[in-house]
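Keeping their order, the protein sequence lines are chains A and B.
Each residue of the first sequence is one higher than the last, beginning at 501 in our numbering.
Each residue of the second sequence is one higher than the last, beginning at 501 in our numbering.
We treat Cβ as the ideally placed atom computed from N, Cα and C, and that holds for glycine.
2 protein chains.
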Amino acid sequence: MRSAELLRNSFIFQGLTEAQIGELTTICAEWDYPKGATVFLEGDRARGFYLVASGLVKIFKLAFDGKEQILHIFGPGEVFGEVPVFVGGNYPANAVTLEASRIVFFPKDEFLSLIGREPQIALNMLADMSLRLKRFTHLIENLSLKEVPSRLAAYILFLLEDKRGEAEVRLQISKGHLASVLGTIPETLSRIFNRLTSEGVIEVKGRNIVVLNRARLEQIAAGL
Amino acid sequence: MRSAELLRNSFIFQGLTEAQIGELTTICAEWDYPKGATVFLEGDRARGFYLVASGLVKIFKLAFDGKEQILHIFGPGEVFGEVPVFVGGNYPANAVTLEASRIVFFPKDEFLSLIGREPQIALNMLADMSLRLKRFTHLIENLSLKEVPSRLAAYILFLLEDKRGEAEVRLQISKGHLASVLGTIPETLSRIFNRLTSEGVIEVKGRNIVVLNRARLEQIAAGL
DNA sequence: CGGGTACTTGACAATGGTCAAGTGTGGTGG
DNA sequence: CCACCACACTTGACCATTGTCAAGTACCCG
């Protein structure tokens with residue numbers, strides 16, 4: 501079965517024994533979602549949580565006027581919707597696919613009983629949630645203490661981190677979604693891209709961004 | 501020893517056996533902090549996490565210009581500083597006492613080995629972190645999608661929740677700190693208190709707030 | 001009673017959001 | 001293969017909310 505391979509490579513189930521992986525595969529289910537499909541909505545009763553096998557999923561909050569704030573974008577190997585497994589029982593945000601996606605579902609009750617028997621899974625889940633809390637901490641810091649240009653600069657620098665040496669990065673999401681990730685709107689984002697370009701800090705070609713002046717970009721990310 | 505009693509009543513260690521509580525008391529240490537004392541700073545290497553025995557502690561992020569965003573305010577029975585126990589290893593934010601406080605410390609390594617043996621502690625910790633994630637989700641929603649009056653209204657309504665029937669609440673923190681909790685500054689908060697008062701929605705007497713028009717306050721919290 | 005901190009108030013500036021009208025651009029069907 | 005349509009993105013004019021700076025007032029603690 502393909503799932504076993506997938507589970508072994510996911511952050512949350514890494515380091516488990518074959519027996520543990522085997523147990524997991526017996527309780528999970530795999531589904532396909534087309535692009536733009538709703539996995540769950542805020543307030544929905546939660547029967548379990550999810551793992552992205554392939555594709556891309558956005559987790560977001562919606563304002564009454566329709567503006568959205570993206571909390572996370574998850575790709576292959578990442579889990580989402582675990583909060584209501586442990587507290588509450590309703591999803592605290594919305595989940596919608598950004599691409600056609602294959603998603604694995606783990607039912608709450610079976611998973612909880614498994615976690616009671618296998619401390620390693622609990623520890624992995626704790627690490628996963630800790631990371632999530634840390635990221636939220638950054639998001640809050642950005643939204644509350646930094647201006648949009650700083651947030652964008654920090655985002656570009658973050659994309660650059662992996663690509664050692666290179667100066668060009670490619671956005672894996674649309675600029676509209678990026679605006680929503682950064683807590684702003686497409687118009688504002690567009691103007692800031694414009695500003696950074698005319699100041700010679702970056703060059704934008706569609707979804708590709710070339711960093712021309714990294715030092716300056718780092719200044720901007722720091723808030724001047 | 502007084503700690504055992506304290507642990508039993510804390511959210512994170514509730515439902516543990518006497519033996520488990522006993523184990524915990526052997527690894528923890530208790531310290532007193534005066535008002536305004538630093539428990540840890542962002543970036544500090546973490547040797548463990550903390551439980552508030554008495555007093556009040558603020559967890560916050562600091563901007564380069566000195567503005568602060570409070571992430572949590574923790575009182576008796578609540579834990580903080582657990583994130584780096586499971587990931588990273590450095591505290592992601594600052595912790596300073598708002599009052600003279602008695603705080604219990606749990607060293608990371610001993611706690612991790614304990615958690616491996618006692619799944620119930622892991623489950624409690626998972627519930628604690630899930631709740632934390634849920635609250636962050638609200639904070640992000642507020643900062644990104646709501647204006648300051650909505651945030652204040654929601655905060656007052658939150659304080660009102662416990663007090664069934666009553667219409668008067670008391671802030672347990674200063675208005676300056678409240679501003680920092682709501683992601684704004686004292687001047688702005690002051691003006692909004694003013695506005696709500698002149699509109700007859702609330703009445704403010706020092707730290708006491710009387711809700712005169714709850715329906716209107718709920719409208720404001722919803723974003724009109 | 002005094003001093004410092006917390007809070008308030010005013011005038012102003014600026015960031016960023018709103019509304020409206022373009023300008024691409026990619027994908028689909030003829 | 002091209003035309004067209006929808007959608008993503010851009011640009012402009014405007015404005016609302018909120019932050020900045022500077023005083024002034026009130027209040028609490030010693």
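Taking 8 Å as the threshold, the shortest C-beta distance from Q514(B) to chain A does not fall below it. Judged by DSSP in its simplified three-state form, D544(A) adopts coil rather than helix or strand. The residue among P619(B), K608(B), R691(B) with its C-alpha nearest the C-alpha of F549(B) is K608(B). For the region 579-592 of chain A, residues whose beta-carbon sits nearer than 9 Å to a beta-carbon of chain B comprise E582, V583, P584, V585, F586, V587, G588, P592. For N624(A), the secondary structure class from DSSP, reduced to helix, strand or coil, is helix. Interface annotation for the region 543-554 of chain A against chain B: empty, criterion Cβ-Cβ distance under 8 Å. Contact check for P534(A) and A600(A): beta-carbon distance about 5 Å, within the 8 Å limit, so the pair qualifies. Straight-line measurement puts the Cα of R707(A) at about 8 Å from the Cα of I673(A). Membership of T525(A) in the alpha helix (DSSP H) is indicated by the continuous run 518-527. Between T517(A) and chain B, the shortest Cβ-Cβ separation is not below 8 Å. Chain order gives no chain A residues near T688(B), where near means a beta carbon separation below 8 Å; the closest approach is about 13 Å. In the three-state scheme derived from DSSP, where H, G and I count as helix and E and B as strand, T684(A) is classed as coil. Shortest Cα-Cα distance from E703(A) to any of I640(A), L682(A), R670(A) involves R670(A). Within the region 560-578 of chain B, those residues whose Cβ lies closer than 7 Å to any Cβ of chain A are, in chain order, K561, A563, F564, K567, Q569, L571. K634(A) has a beta carbon lying within less than 8 Å of a beta carbon in chain B. P619(B) reaches chain A at I615, G616, R617, E618, P619, A622, counting residues in chain order whose Cβ is nearer than 9 Å. For E668(B), the enclosing beta strand (DSSP E) begins and ends at 668-670. According to DSSP, residue pairing for F549(B) in a beta bridge involves F606(B). Note on D628(B): 16 or more other CB atoms within 10 angstroms of its CB, so buried under the neighbour-count rule. Any Cβ of chain B closer than 8 Å to the Cβ of E641(A) would place that residue at the interface, and such an atom is present.
DSSP places V585(A) inside the alpha helix (DSSP H), whose first and last residues are 583-586. Residue contact check for G723(B) against chain A: a CB pair falls below 8 Å. Sequence-distant partners of E582(B) (beyond 5 residues in either direction) whose C-beta falls short of 8 Å from its own C-beta, in its chain, are F549, M625, D628, M629. Excluding its 5 nearest sequence neighbours in each direction, F636(A) has C-beta neighbours in its own chain below 8 Å: L571, listed in chain order. The beta carbon of R695(B) sits closer than 8 Å to the beta carbons of P649 from its chain, once the five residues preceding and following it are set aside; these are given in chain order. Proximity of L541(A) to chain B, defined by a Cβ-Cβ separation below 8 Å, is not satisfied.
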